[in-house]
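Line order of the protein sequences matches chains A and B. Per numbering that gives the first Met the number 0, the first sequence runs over residues 0 to 218. Per numbering that gives the first Met the number 0, the second sequence runs over residues 0 to 253. The beta carbon of each residue, even a glycine, is placed where N, CA and C say it ideally should be. Encoded as C-alpha cells, the structure appears first; notes follow it.
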Amino acid sequence: MLDGRAVLVTHTTTALGRHVAEALGGLGASVATAPARFVDRHAAEDAFAAAGGIDAVVHICVDDAGLVAQPLVETDPEAWDARGESLIRDAIFTLQAAHTRFVTAGAGRVVVVAPTSGFTGAGGFVPVSTAVEGVRALAKSAARQWGTAGITVNAVLVPPDLVAPSLVAATTFNAPPVVGRLPDMRFDVGAAIALLLSPTSGGITGATVIVDGGSVMAP
Amino acid sequence: MTGALDGRSVIVTGSGGGVGRGVALACASAGAHVVVGTRDEKGRAVVAEIDARGGRAAWARCDVTDQATIAAAVDLALERSGALHAIVHNATSNRSSEPHRLEDVDAALWEEHASVSLRGAYLCARAGFEALRASRGTLILMTSPAGMEGSHGLPLYGTVKGALRGFTKSLAREWAPLGMTVNVVSPLAMSPAMERAVEQDPAMEERLSRRVPMGTIGDPEADVGPVVAFLAAADAHYVTGQTLAVDGGHFMNL
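Here is the structure:
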C-alpha cells in the first residue's frame, strides 16, 4: 500500500510508535524515525532534516512519561507538564517542521495517532487526555490553515490496548470490539493510516478515524 | 435574591467583564454568594453591581497562573459562606483572540494561551479540590467550537479549547466516585474581545449573527449566565463530563 512512500514516525521509543513504524514498513513504506519528544522547533526541524526526503509524517501523541496513572490533585506541576502540556508543544513543533517541509513541495500528509481515551475520558490520566484532545483540535486547525497548500492533517485513534496496560485498566467501561478482536496493528491500524497517507486521499482532512474494532463508535 | 443557588457559594475566574461577569451576575441573581476573581481591580465594580442589586459577592485578586491566589479565593469563599460549591474557570489570555498562523507561532505565544486557560484549569482543580470534595461540588470550564472543529484563524486557541474538553472528561471520570462533577460550556456571547473585533470589522457582527440559527449573538448575563448557574446548582448534580453549547444553535456538529 505504501510502496515508494517515505514516512517519518515520531515517538518510536513508545510501544505504539515502534509498532506503527513496523506496520508502515510492513506495508511498503520507507520509514524514518524520531525516537523522543521534541523540546523545541529546532529539534523537530533537525529530525526532519535527518530523515531526508519524506512525503508524510505520522506523529504519535503519547510517550511513556504520559502513561502513568495518578489522581490530578496529586500531580505536581512538573508531572502535569511532562505528561500533558509538553506533548502539545511537541505536536506543535512536529506540525511546524512538517509545514516547512511540505509547503515547498505543495503536498504533504500528516496523521496524528492517539488513544481513544482522550475522547472517552480516563480517570488518572487527565494530563495525557488533555494533550490528546488538544492535539486533535490542533490537527483540525492545521488542516484548515494548510488545506490550500496541499497538506492534509488527520487523526487516527486506537484502543488503549494498543497503547499501555495502565490505560486499559482505566477504561474498563469501553464496550468490547464488535468485530470480536482487537485491531491488527498492520492490517487495520497501519492500513487506515496508509489510506490517509496516500496521494489520492486529498479530500480527507481534519478528520478523526477511530480504528478500535467498533468499541467506541463516537459521534 | 433567591433561587436555585440559595445558600451556595461560587467562584468565577476572569469575571471582570464579558462572559465571566455575566456568569457572576446570573449566579448572584440565583441566590449564590459569588467570589468575583480577577487579576486586576475590575472585579470590584462587578461586586458593587451585585451589592447594588441586593446580592452577595466578594472580590478576590485571582491570577489563575498562580495557585496561591486561587487558594486565597477558595479561602475567601469558605470564610464568607462556610462552603464552596462551584468554581467556574472562565479566564483566558488577553491575547487569545489575536489571529496567528500555526507555522509562525513561537513558544512564548503558546505559553500565553496555555498558561491562563489550560494550566489555570489544572490549578483551579488542585486549589479547589478539598473544598469541592467537602460539598460534592462542581468545576465548570469554558470551551468553544474552535476546540471541536478547529479554527482557521486561531489554531492555538482551538488547541487549548479542545484540550479543555479532554481535561473535563477524564477529570469527570476521576471525580465521579467522590460525587463531584466537571462540565464544560461552549458559549457564544458578546465579550470585550468580540467587541474589539466588531470595532475593527463592523460587518462581523451581522455576518456572525447570520450564522446563528437564533439570529443573535448571546448576552453574557441573560443568555449564558443562567445556564452556567444551572450547572452550579444542586439540581445538576447528575450531569458530568458534558459539553453544553449555549450559542443559539451555532454549533450542532458534536
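Closer than 9 Å to chain B by CB, residue i
{"i": "D160 of chain A", "result": "no"}
{"i": "G107 of chain A", "result": "no"}
{"i": "F124 of chain A", "result": "yes"}
{"i": "E77 of chain A", "result": "no"}
{"i": "E21 of chain A", "result": "no"}
{"i": "E132 of chain A", "result": "yes"}
{"i": "S128 of chain A", "result": "yes"}
{"i": "V102 of chain A", "result": "yes"}
{"i": "I59 of chain A", "result": "no"}
{"i": "A136 of chain A", "result": "yes"}
{"i": "T171 of chain A", "result": "no"}
{"i": "T74 of chain A", "result": "yes"}
{"i": "I192 of chain A", "result": "no"}
Chain-ordered chain B contacts of residue i [CB-CB under 8 Å]
{"i": "L98 of chain A", "result": "First, the amino acid is wrong: residue 98 of chain A is His here, not Leu. Chain B residues near H98 of chain A: L101 and E102."}
{"i": "R220 of chain A", "result": "Because chain A spans 0 through 218 in this model, residue 220 of chain A falls outside it and cannot be assessed."}
{"i": "P218 of chain A", "result": "L253"}
Short CB-CB distance (under 9 Å) between residue i and chain A
{"i": "P154 of chain B", "result": "yes"}
{"i": "R210 of chain B", "result": "no"}
{"i": "D74 of chain B", "result": "no"}
{"i": "T1 of chain B", "result": "no"}
{"i": "V63 of chain B", "result": "no"}
{"i": "L253 of chain B", "result": "yes"}
{"i": "F128 of chain B", "result": "yes"}
{"i": "R206 of chain B", "result": "no"}
{"i": "G248 of chain B", "result": "no"}
{"i": "L83 of chain B", "result": "no"}
{"i": "V11 of chain B", "result": "no"}
{"i": "L77 of chain B", "result": "no"}
{"i": "T158 of chain B", "result": "yes"}
{"i": "A67 of chain B", "result": "no"}
{"i": "G161 of chain B", "result": "yes"}
Beta-carbon neighbours of residue i, restricted to chain B and to distances below 7 Å
{"i": "P70 of chain A", "result": "E173"}
{"i": "L94 of chain A", "result": "L101"}
{"i": "G117 of chain A", "result": "G165"}
Cross-chain neighbours of residue i in chain A, by beta carbon under 7 Å
{"i": "E148 of chain B", "result": "K139"}
{"i": "A113 of chain B", "result": "E84"}
{"i": "T242 of chain B", "result": "Residues of chain A passing the Cβ test: none, with the nearest at roughly 11 Å."}
{"i": "S169 of chain B", "result": "G120, A121, G122, F124, V125 and S128"}
{"i": "A71 of chain B", "result": "None at all; the shortest Cβ gap to chain A is about 18 Å."}
Contact list for residue i against chain B, beta-carbon separation under 9 Å
{"i": "A142 of chain A", "result": "G149"}
Where residue i meets chain A, residues with beta-carbon distance less than 9 Å
{"i": "Y237 of chain B", "result": "Chain A residues near Y237 of chain B: none, gap ~16 Å exceeds 9 Å."}
Decide yes or no for the touch test of the region 147-166 of chain A against the region 182-201 of chain B: beta carbon pairs closer than 8 Å, at least 3 of them. no
Decide if the region 192-202 of chain A is in contact with the region 39-49 of chain B; the criterion is three or more beta carbon pairs, one per stretch, under 8 Å apart. no
Between the region 94-102 of chain B and the region 138-150 of chain A, can you find at least three pairs of beta-carbon atoms closer than 8 Å? yes
The region 93-104 of chain A touching the region 39-59 of chain A, judged by at least three CB pairs closer than 8 Å: yes
Closer than 8 Å between beta carbons: that is the criterion. Which residues of the region 37-53 of chain B meet it against chain A? none
Segments of 4+ residues assigned as alpha helix (DSSP H) that fall wholly inside the region 82-116 of chain B: 106-112
Counting pairs of beta carbons, one from the region 199-207 of chain B and one from the region 180-199 of chain A, are three or more of them closer than 8 Å? no
Residues in the region 196-209 of chain A with C-beta within 7 Å of chain B's C-beta atoms, listed in sequence order? G205
Mind pulling the alpha helix (DSSP H) runs of 4 or more residues that sit fully within the region 109-195 of chain B? 119-134, 145-148 and 154-174
Residues of the region 30-54 of chain A with Cβ closer than 9 Å to any Cβ of chain D, in chain order: Although the question refers to chain D, the structure presented lacks it and instead comprises the protein chains A and B.
Complete beta strand (DSSP E) runs within the region 144-171 of chain A (minimum length 3 residues, chain order): 150-157
Using a Cβ-Cβ cut-off of less than 8 Å, list which residues of the region 117-144 of chain B approach chain A; keep chain order. L117, R118, Y121, A124, R125 and F128
How about the region 25-38 of chain B and the region 69-86 of chain B: do they share at least three Cβ pairs that are nearer than 8 Å? yes
Touch test, the region 75-83 of chain A against the region 20-33 of chain A, Cβ-Cβ under 8 Å, three pairs minimum: no
I'd like the ranges of any alpha helix (DSSP H) spanning at least 4 consecutive residues and lying wholly in the region 51-130 of chain A. 76-79, 85-104 and 116-119
At least three beta-carbon pairs within less than 8 Å, the region 145-152 of chain B to the region 210-217 of chain B: no
Are the region 85-98 of chain A and the region 117-135 of chain A in contact at 8 Å, needing three or more beta carbon pairs? yes
The region 167-174 of chain B touching the region 237-247 of chain B, judged by at least three CB pairs closer than 8 Å: yes
Measuring CB atoms only, is the region 80-93 of chain B touching the region 109-119 of chain B, in the sense that at least three cross pairs come out at less than 8 Å? yes
Pairs of beta-carbons, one from the region 167-180 of chain A and one from the region 4-23 of chain B, closer than 8 Å: are there three or more? no
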